[in-house]
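Residue numbers (my numbering), protein chains in the order written: chain A, 98 to 412; chain W, 15 to 438; chain X, 4 to 171.
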């Protein structure tokens, strides 16, 4: 089956999911991002690599955070950025998603960054765009959020260096999380020997162990000896859907506190894709504590996105 | 009109025939097979050498999309598709717009279909008004208007008490109740089988227990009320096992399977192919294998196409937003032949699954080539390949997971009431 | 063919530059060979202001043919470019495209008062209107050969010739 993300030369044409991408491609993105971290720290934060290129942010699902990071990354590469908050405009006029894409393609777009509430939206768009256009998935339903996973891998490598020695735990609502799925694929591809998911049964997808993870329902057991703790955000809807009784009970059993963190390795790092629900999945003391690398994640996020756009544009 | 179909391999499962024979038709009825009737002069001779001559196919679920859903397909286009697929009798579910819950609508549909002079249409009436699952329809009136059974189509929407009362009322008259076994609240907004693929793809999922819980309810109520129940589109290994056990207890329960489900599984969804968005969902390979076994041992009586033409726009959207269904009436024969070849069963057994067996489930005179029966026949070439292409499909719906694939088995002629309604 | 001794050329180049260097001159080396040379010049010419280093990967004009080299080193310009007299240093001056990129990158930092170019070797075959102010030696080489400066573990520099590998 041909990989819809790779062109016929095996080079990255679209970034839709971390699943199915060979390790060398993931590592190339991380290595390229290293150069861009340097750029973000310079006084001149711009480089001319994508000058003249048009990058369209197609956000069918709103997100100021993610959209802003992509916008900053694109502008640092000297690209022209157009933001389309489609949730508000043409969709409500009944224009189909593909019609919107076709109209924009006719405006000489070079790259689409797509966020949608439905799994598979980015794949559908990638199947239908002209061959010169690259698609980056900025999050589709519960399926994938590859740039988030990549910046998480970048962060892990920065602090822990070697993937082959690590125990990594992902804590929270795995069932609804596109971030978790993308992280799991990336971690296993990069050779992390033990990936754990820690979650109540109502928030775990069926047969999740087939993705290559060890399942824990007891957070204290799950955090023992862990090098990296990846926290996931808990959404309020979960209480309404009869999957959880309350935020308080969730925090007691699945929230990251200093006591629970102490069960992990003493130099374990704590990560979160943001935005955080303090007091629900993570304690402020931990979020702001010395083991937290949550703020550096944001900086690395820009460098990783610059790397992805550069690699795609150069292929 | 006197028609002679010469030298075909006649397969008539109901009458146990599988041999090369000539078929003689006079005035729309089969008058003889084998021995030429006295002073028979044919107006028209069909040379069926190398071809199979079998009863016209009986399809238990074909959406004609009329009334109300004409932007998806029309009676004309879908009836043309039916006969191109060798189907001469078809049952259509009540989920039109408005649903078939009034005798007037049923009569109109039957009238329209009859005027097209192609396949026989047997409407399935709505079990409850508007299909809302609250108040019963006038089943007796609907039966008089031509409904052969009553169903809730895709969404049960029946609370347990209403289900029981509806089945009890139907059984008063001996009417059949056709139910799709899926618990609405567990299925919720699921679009794919709850398994490895849905987990990887992040698709809202429907667990097997949605089917088995509904099945146990239906089976127990059937036992309680004595209603004749037909289960539409079984999808799981556990479901088949439950039906098998119920039938072994002697309960009057039949079931069918959609032809896509005896070939495909959740794996075929691949990179979110919305042509694989089906109701019920495509489940695991082990489920598919159990469905195949259930067909062989008779637990599952018949294969139907579950034909559902969908307009292109409704499929060219993300998987979870796409409309479920596939156009399948023109692929029914080929896919049944493919199944037969893969599991190495005889052509006659395979043909029975789409002719005599569904006719029994429907309770109509069809699906066999008995002398005196209406001359509804399908003549096909079992060795001819054809490519499933949008331009070849007569249905307005081009939405099939098999698009672009080559299949074996081509319908060459279809006769309904002794008239050639399709010729390749 | 006989390549000149890089150490010898560097000594000659240093002498040629010496007279133009003041306490306000800054040296900027282009990775990788240019940086080795700039480090040596910076020491020998006793420059007081810190050394600048440039990686021109982000400014190259062949990004769309060969993509981005993954090992981009960070450029480091630890002084104000505005109003500065800069001597740009590279090992081999050839088509002139690298220098074009370096000038563009410098201008992103500010407006220098002047930029002069020092190259250890000028092998001609220019594709841009660029000329060096200080040259160690002019060498003519066949088009299919690549000239590279190398540094041994003990810091000694040497020039070597290779067959060109065309990019995939």
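The beta carbon of each residue, even a glycine, is placed where N, CA and C say it ideally should be.
- Residue range 117-130 is occupied by the alpha helix (DSSP H) that includes residue 122(W).
- Residues of chain W with a Cβ closer than 7 Å to the Cβ of residue 305(A) are, in chain order, 213.
- Between the stretch 403-410 of chain W and the stretch 383-402 of chain A there are fewer than three C-beta pairs closer than 8 Å, too few to call the two in contact.
- With 16 or more other Cβ atoms inside 10 Å of its own Cβ, residue 242(W) counts as buried.
- Annotated as proximal: residue 315(W) and residue 371(W), with beta-carbon spacing under 8 Å.
- Any Cβ of chain W closer than 8 Å to the Cβ of residue 217(A) would place that residue at the interface, and such an atom is present.
- At a cut-off of 8 Å, the C-beta of residue 141(A) has a neighbouring C-beta in chain X.
- Looking at the DSSP output, residue 400(W) sits in a beta bridge with 421(W).
- Annotation for residue 254(A): 127, 260 place their beta carbon closer than 8 Å to its own, counting only its chain and skipping 5 residues before and after.
- With contacts defined by Cβ atoms closer than 8 Å, residue 266(A) and residue 198(A) do not form a contacting pair.
- A distance below 6 Å between beta-carbons, with the five flanking residues on each side excluded, links residue 262(A) to no residue of its chain.
- Looking at 131(W), 135(W), 109(W), the one whose alpha-carbon comes closest to that of residue 121(W) is 135(W).
- Close to residue 332(W), with beta-carbon spacing below 8 Å, are these residues of chain A in chain order: 194, 213, 215, 216, 217, 218, 221, 237, 238.
- Sequence-distant partners of residue 302(W) (beyond 5 residues in either direction) whose C-beta falls short of 6 Å from its own C-beta, in its chain, are 279.
- When secondary structure is reduced to three states using DSSP, residue 154(X) falls in the strand class.
- Residues of the stretch 306-322 of chain A with a C-beta less than 8 Å from any C-beta of chain W: 307, 308, listed in chain order.
- Three or more beta-carbon pairs drawn from the stretch 339-353 of chain W and the stretch 414-429 of chain W are found closer than 8 Å, and the two stretches are therefore classed as touching.
- In the DSSP assignment, residue 243(A) falls outside any beta strand (DSSP E) and lies within the alpha helix (DSSP H) extending over 243-257.
- Contact check for residue 392(W) against residue 22(W) fails: the beta carbons are separated by 8 Å or more.
- By the criterion of a C-beta distance shorter than 6 Å, residue 182(W) is surrounded in its chain by 239, once the five residues flanking it on both sides are discounted.
- Taking the beta carbon of residue 327(W) as reference, the chain A residues within 8 Å of it are 193, listed in sequence order.
- Within the same chain, and ignoring the five residues on either side of residue 7(X) in sequence, the residues whose Cβ sits closer than 6 Å to its Cβ are 140.
- Within the stretch 284-360 of chain W, complete beta strand (DSSP E) segments of at least 3 residues are found at 316-318, given in chain order.
- Cβ-Cβ distances below 7 Å link residue 168(W) to 109, 194, 293 in the same chain, with the five nearest sequence neighbours on each side left out; the list follows chain order.
- A straight line joining the alpha-carbon of residue 215(A) with that of residue 335(W) spans about 8 Å.
- Straight-line spacing of the CA atoms in residue 103(X) and residue 117(X) works out to 15 Å.
- The three-state reading of DSSP puts residue 200(A) in helix, counting H, G and I together.
- Residue environment: residue 156(X) is assigned as exposed (fewer than 16 neighbouring CB atoms within 10 Å of its CB, all protein chains considered).
- With respect to the C-alpha of residue 201(W), the residue from 295(W), 89(W), 363(W) having the closest C-alpha is 295(W).
- Within the same chain, 126, 127 come within 8 Å of residue 143(X) by CB-CB distance, once the 5 residues on both sides are set aside.
- Pairing residue 323(A) with residue 362(A) gives a Cβ-Cβ distance under 8 Å.
- For residue 200(W), the enclosing alpha helix (DSSP H) covers residues 198-201.
- Residue 39(X) is not bridged by DSSP to any residue.
- Counted as a single uninterrupted DSSP element, the stretch harbouring residue 189(W) is not any alpha helix (DSSP H), since DSSP gives it neither H nor E.
- Against chain A, the CB of residue 224(W) has no partner CB under 8 Å away; the residue lies outside that interface.
- A straight-line Cα-Cα distance of about 19 Å links residue 5(X) and residue 16(X).
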